[in-house]
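Number of protein chains: 4
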Amino acid sequence: MKDIQNTQDTRNVDIQKVGINNIDLPMIIQRKNNTDQVVSGVARATVALPRNYKGTHMSRFVEVFNEWRTKNLLGVDIKGCLEKIIKKLHAQSGEIKFTFKYFINKKAPVTKLAAPMCYECSFKGQIYEDKYKFILGVKVPVTTLCPCSKEISEFGAHNQRALISVKVSYPETEHVWIEDLIELIESCASCPLYSLLKRQDEKYVTEHAYKNPRFVEDVLREVVVKVRNHPVITEYEVECEAFESIHNHSAWAYKKEIKS
Amino acid sequence: MKDIQNTQDTRNVDIQKVGINNIDLPMIIQRKNNTDQVVSGVARATVALPRNYKGTHMSRFVEVFNEWRTKNLLGVDIKGCLEKIIKKLHAQSGEIKFTFKYFINKKAPVTKLAAPMCYECSFKGQIYEDKYKFILGVKVPVTTLCPCSKEISEFGAHNQRALISVKVSYPETEHVWIEDLIELIESCASCPLYSLLKRQDEKYVTEHAYKNPRFVEDVLREVVVKVRNHPVITEYEVECEAFESIHNHSAWAYKKEIKS
Amino acid sequence: MKDIQNTQDTRNVDIQKVGINNIDLPMIIQRKNNTDQVVSGVARATVALPRNYKGTHMSRFVEVFNEWRTKNLLGVDIKGCLEKIIKKLHAQSGEIKFTFKYFINKKAPVTKLAAPMCYECSFKGQIYEDKYKFILGVKVPVTTLCPCSKEISEFGAHNQRALISVKVSYPETEHVWIEDLIELIESCASCPLYSLLKRQDEKYVTEHAYKNPRFVEDVLREVVVKVRNHPVITEYEVECEAFESIHNHSAWAYKKEIKS
Amino acid sequence: MKDIQNTQDTRNVDIQKVGINNIDLPMIIQRKNNTDQVVSGVARATVALPRNYKGTHMSRFVEVFNEWRTKNLLGVDIKGCLEKIIKKLHAQSGEIKFTFKYFINKKAPVTKLAAPMCYECSFKGQIYEDKYKFILGVKVPVTTLCPCSKEISEFGAHNQRALISVKVSYPETEHVWIEDLIELIESCASCPLYSLLKRQDEKYVTEHAYKNPRFVEDVLREVVVKVRNHPVITEYEVECEAFESIHNHSAWAYKKEIKS
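Chains as they are written, first to last, in my numbering: chain A, 26 to 285; chain B, 26 to 285; chain C, 26 to 285; chain D, 26 to 285.
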């Protein structure tokens, strides 16, 4: 059978990224406590395609994913998987990204009753010009309580669910656990969220949020201060979106920085 | 050219609904104040297909929509559009549904500054056994403030954005304006939402919500009491989902009733 | 602390369904081959609330889910979980629904290379008037190739991804495996989908689809004929949506039936 | 009333972007044919916030949008709106983005019957270091027919809906019409999509796609060649995602370039 993909292309256009997108994959993630978690991931994998080749070979991406999905995934395995893809596709550079829902057993603040709380996380690996870069992403839902509303009102203060999205990079020789990054982020909000709260807990989180009012600007700055001071993080991107309880739109703040 | 759709089918299966789905259409909606609003709609249109026909003619649905889209749509025009579809498809029964974002210029509670506020609405028309039924749907975002949190906490109370979805039916001879149904629904929450709020307004909505705590159960019941007492509404379906600011899941309540 | 939820309500409104929605949960599903699969589920759980009670107790739903999530879920466990919820909430009736992505290792048609293929599935249990009902749902992506396009064109025929959504009920004493229901549904399309296809496989699926043209009406009828003839299924609901490759809208067909 | 936002912040964190997100707005777009189109937009507006200020004033963004929404929007008005926002917020830089569904009356290829076809478009304006940049975005759904499948199969070829997303920049003194950019993009696929196709048209598009097989790589390169040769475009970003009819995942290609 003819291999159309391998034929010559004369349009003189290098393609920066080509591959497969939105493929569902079961994955195994290593947890901080040394156990594993099976998660349901959605992946993208791409390579760069030089101008003289007509096409890439899409099925090979699936073959490598299939081979890798029974391994425990961490930053180091993401690199192995990406290197295999680049080799199998005869490419020079490439990128893979997995997005998945990760569960942490979280204790209520007063009763200490535990239940799984879900966080959307992502692993991204890139190889460009022979250099590997790993990016860990977490999306952490929290409460924000408005400082202005608290200040100007006789009683109460509007509060709402907000989503803090953080992406961080660090050297290959280091490691940041999802669990630790989430804890860092949750400490920056008016209050963390929980799956299971009894009445004593509800009293606690209500009063805790009221005592810690935060604009999206405050949340963003608190996170920035902590990741700036983090010993291994070299780059970060932080976004905070508050789904305002008094509007049908969001308050939103964003910052990206490469630490020098 | 052969008309495959018109050939005989021998599998002995009547199809209840067949047609087109998720088609984008510009539409003109008549407003309460006698002006028009051009909206961006998404539509589904279906007819019933008897067991002996292989297929329906999908392009005819688009032709009727195209013909109808320059008219002012209200319940009565939905009927005309549906009758035309049923006739053109040689069918006995059918159904059309339009979902669209509708804007109302809404004044802030204290400063009275106005800005457009958006509501997702829907028109649904059905003809089964020669009987026409029209269903008006609105989704109204509001604030709910938790009565339990207020009661047990020394200060503050968790509150959040919630979405009240209401569908109502009424006789062909009657009419319910979107504007009036939204107003009825907003009065049932801890507080309505606004696009534009200055500081005096923010103080007002914060305190108003605090003085009017509502569970999803309360919101649902308030709406039910009002639609039950409404002079022309004959059937209703009410759903309230509160995107809890202390959890990453929702509190949810639902009721459906045909008034006797 | 005062239990506001337990106070009296005088608005005279029974609530049909009240509880929690969109909660993420890790779950264990029993597979046909006697192994387990950990999946990431999204759940809703509700009970009926009599008119005289102000509110339900939302945290108890989470407590029951938390207790049940380490069990192997099948129809029979859904019933146990639902009965526990109803008991713990002092309710008469209730409903739970889990939606999750389920992976099946699927072999390519010619090379027989296997890779995981993902299907969105759901388990729903209802108890109303002391009667338990279980509903299994699967969403199966397939290829449909248009019979009309094939007939009228000199070469080629438009084809596209379509999604067949099927819900079935059967008595408590019976069992239908997800794997078997998916196989039944895939046999009704122009061709099933695969995660991994090498060139020989691609030739096969292209030609197989061309030899088996199907409108959404055909796909729906094929499924209906098979579930009608299924020995244990008592009720079904079938929907087929084809994401037309020549339009930006879908062709859509639907049928629901209670077998007598 | 105290203006909390105006108080001092000592955390030493500049915020790159802060403002409102996901606000629904009715907008007026100027069409190529000199008429207007009212569209339903979703907007984000942000400014940069220096390290010494605690917060921005969210309501002012809404006030400017409200003032601007009755104007005919084009690149030049986007600049005016953004300048007003930056001025009103006492900021140095800022960004606004509108996303909206735009309808073009499109004729079928043979019968020439016309019906509205919908495209998701976006306008983005940025001012950083006193320099204005405008970015026009369009998402164009098309058909792609697989060259490999056609080559290796005795008859037929898998084809599917694909989405080509293109963003382009050009100098303030120039203008690119949405209509022209869409036409350029549609010419790069195996076949454009249509809302209304009668049988003669369906024969045409089926055969046209079969005669013009395109991988996502081909589509991407065709678009790149055309925007590279475009007289006024200075920067572009092109993405093509094909929702494969034989897989449940996509083939995907991407390229970004600043013309030198």
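Glycine included, every Cβ here is placed at the ideal spot set by N, Cα and C.
Taking all protein chains in view, the Cβ of E154/B is surrounded by fewer than 16 other Cβ atoms within 10 Å, so the residue is classified as exposed. Beta-bridge partners of I129/D (DSSP): M142/D. At a cut-off of 8 Å, the C-beta of T168/C has a neighbouring C-beta in chain D. Burial of H183/A is indicated by the presence of at least 16 other C-beta atoms within 10 angstroms of its C-beta. Taking 8 Å as the cut-off, the Cβ atoms of F125/D and S65/D count as close. Residue contact with chain C for F86/D: absent (no Cβ-Cβ distance below 8 Å to any residue of chain C). When DSSP states are grouped into helix, strand and coil, I48/B belongs to the strand group.
Restricting attention to beta strand (DSSP E) runs no shorter than 3 residues, the stretch 140-215 of chain A encloses them at 156-170 and 184-194, ordered along the chain. For S147/C, no Cβ of chain B is located within less than 8 Å of the residue's own Cβ. In the structure shown, the three-state DSSP call for G80/A is coil. In the three-state reduction of the DSSP assignment, T71/D falls in the strand class. Within the stretch 211-229 of chain C, C216, L218, Y219, S220, L222, R224, E227 and K228 place their CB atoms closer than 8 Å to a CB of chain D, listed in sequence order. For A116/A, there is no enclosing beta strand (DSSP E), as DSSP marks it with neither H nor E. Against chain C, the beta carbon of Y235/D has neighbours under 9 Å at S178, E179, F180, G181 and A182, listed in chain order. Sixteen is the threshold: since fewer than 16 other Cβ atoms of the shown chains lie within 10 Å of the Cβ of N37/C, the residue is exposed. None of the residues of the stretch 240-262 of chain D has a beta carbon lying less than 9 Å from any beta carbon of chain B.
Exclusion of the five residues before and after S275/D leaves E266, A267, F268 and E269 as the residues of its chain whose Cβ lies within less than 8 Å of its Cβ.
When the beta-carbon positions are compared, E204/A and K57/A come within less than 8 Å of each other.
Contacts with chain D (Cβ-Cβ distance below 7 Å) from the stretch 49-70 of chain B involve D49, L50, P51, V63, V64 and S65, listed in chain order. Across the structure, Y157/B and Q151/B are spaced so that their CA atoms are roughly 6 Å apart.
Of the residues M83/B, R186/B and G44/B, the one whose Cα lies closest to the Cα of C173/C is M83/B.
Only residues of its own chain outside the window of five on either side were considered, and among them N77, Y78 and K79 have a CB closer than 8 Å to the CB of Q33/A, listed in chain order. Shown here for I283/A: same chain residues with a beta carbon closer than 8 Å to its own, the five before and five after excluded, namely T259 and E260 in chain order. Bounds of any alpha helix (DSSP H) do not take in V263/A; it lies within the beta strand (DSSP E) bounded by E260 to A267. Per DSSP, the beta-bridge partners of Q33/B are Y78/B. F123/B is outside the set of residues whose beta carbon lies under 8 Å from a beta carbon in chain D. Shown here for F86/B: same chain residues with a beta carbon closer than 7 Å to its own, the five before and five after excluded, namely G44, I45, A70 and I110 in chain order. W277/A is bridged by DSSP to E266/A and G44/D. By the neighbour-count criterion, in which 16 or more other beta carbons inside 10 Å mark a residue as buried, H272/C falls on the buried side. Cβ atoms of A73/D and G119/D come within 8 Å of each other, at about 7 Å.
Using a CB distance cut-off of 8 Å, P141/A counts as an interface residue toward chain C.
If you compare the alpha carbons of V63/D, L221/D, D243/D and S194/D with that of Y127/D, the shortest gap goes to V63/D. Among the residues of chain B, those whose CB is under 7 Å from the CB of F128/D are P51, following chain order.
By the 16-neighbour rule on beta-carbons within 10 angstroms, P141/B is buried.
Interface residue (Cβ-Cβ distance to chain B less than 8 Å): N91/D is classified as such.
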